[in-house]
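Numbering (full-length UniProt numbering), first residue to last: 1 to 245.
Even glycine gets a Cβ: it sits at the ideal position worked out from N, Cα and C.
To start, the structure itself, in structure tokens.
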Amino acid sequence: MVKTMIYAHRGASKLAPENTMPAFELACAAGAEGIETDVQLTKDQVPVLIHDENLRRTTNGTGFVQDYTYAQLRLLDAGSWFNPKFSDTYIVTLDEFLRWFKNHPMFLNVELKTNVIEYKNIEQIVYDCLKDHHVLDRTVISSFNPDSLTRMKKINPSVETAFLTSTNMRNLPQYAKSLGTDALHVKHRLLDKKLVKRCHKQKLDLRIYTVNRPAMMKKCFKLGVDAFFTDVPHQALEYRQLYKE
Ligand code: G3P
Ligand code: MG
């Protein structure tokens, strides 16, 4: 019986514009167990769901998220770049997303995008929002920035955190453990049997990103990783159903 859970990476981001409500709704409709999303802060300190610091790739705006208020960002089109039929899609706040999410029985991974810009106080702002919506018990907070994770644990040591990396450093599980984190989220090319064993020995969950190819999905199932992030949750769920080992 395969136990690997499937998280929709930025929502079902192959079917709808990443990190938008249509992508999250499609992930839920597909039956994904979890949703992964990225958080940045606006000029007026509103946590918003967008992957890039810059607006260029996924909206019709220019410049940086941090230089606009949410009222300004709300006017942008965050869907046409993907497909004109999503032209009324906008950048959603973490609060608006959670008002929808809290009524759906899924897990959540909030990735703090603090590796390029260290948004002041983002950890407390995100924590408060998750707490207000009573979803902390099914949320893991991840970041490529270890300082961000340390700050999150200081706010509340029982918050689940995960260290994110694409770097094959020595003793990665020990390092994650030394940061006080509960899980390791690693790029797929770092996955091997030894890593799974070491993580589980250290009582760390191991989740893999971004897994879109059947061969890598199979590897995750076979090695017993705890979860993977995929842009195609509908395909991953079908594939997991077929995989019986
Ligand atoms: O959290 C897994 C993955 O989302 C990390 O990379 O760049 O897709 O946010 P990225
Ligand atoms: Mg991410």
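- Rounded to whole angstroms, LEU94 and ALA16 show a C-alpha spacing of 18 Å.
- Counting only residues of its own chain and dropping the five nearest sequence neighbours on each side, PRO214 has a CB closer than 7 Å to the CB of TYR239.
- Spatial neighbours of MET217 in its own chain (CB-CB distance under 6 Å, excluding positions within 5 residues in sequence) are listed in chain order as VAL211, ALA236 and TYR239.
- Short note on THR210: C-beta closer than 7 Å to some heavy atom of the ligand G3P.
- By DSSP's assignment, LYS187 forms a beta bridge with TYR209.
- Membership of ALA32 in any beta strand (DSSP E) is not indicated, and neither H nor E is assigned to it by DSSP.
- A straight-line Cα-Cα distance of about 14 Å links GLN66 and LEU112.
- VAL110 sits buried, since 16 or more C-beta atoms from the chains shown fall within 10 Å of its C-beta.
- Taking all protein chains in view, the Cβ of GLY79 is crowded by 16 or more other Cβ atoms within 10 Å, so the residue is classified as buried.
- Here the C-alpha atom of THR89 lies approximately 29 Å from the C-alpha atom of LYS187.
- Of the candidates SER13, ALA27, GLN40 and MET5, the residue whose Cα lies closest to the Cα of SER148 is GLN40.
- Looking at the backbone, the Cα of ASP226 and that of VAL196 are separated by about 9 Å.
- With respect to the C-alpha of ARG138, the residue from ASN156, GLU160, VAL126 and THR230 having the closest C-alpha is GLU160.
- PRO233 is a Cβ neighbour of ALA30, given a cutoff of 8 Å.
- When beta bridges are read from the DSSP output, TYR7 appears opposite GLY34 and PHE229.
- If you draw a straight line from the Cα of ILE155 to the Cα of GLY180, it comes to about 13 Å.
- GLY224 and GLY34 have their C-alpha atoms roughly 17 Å apart.
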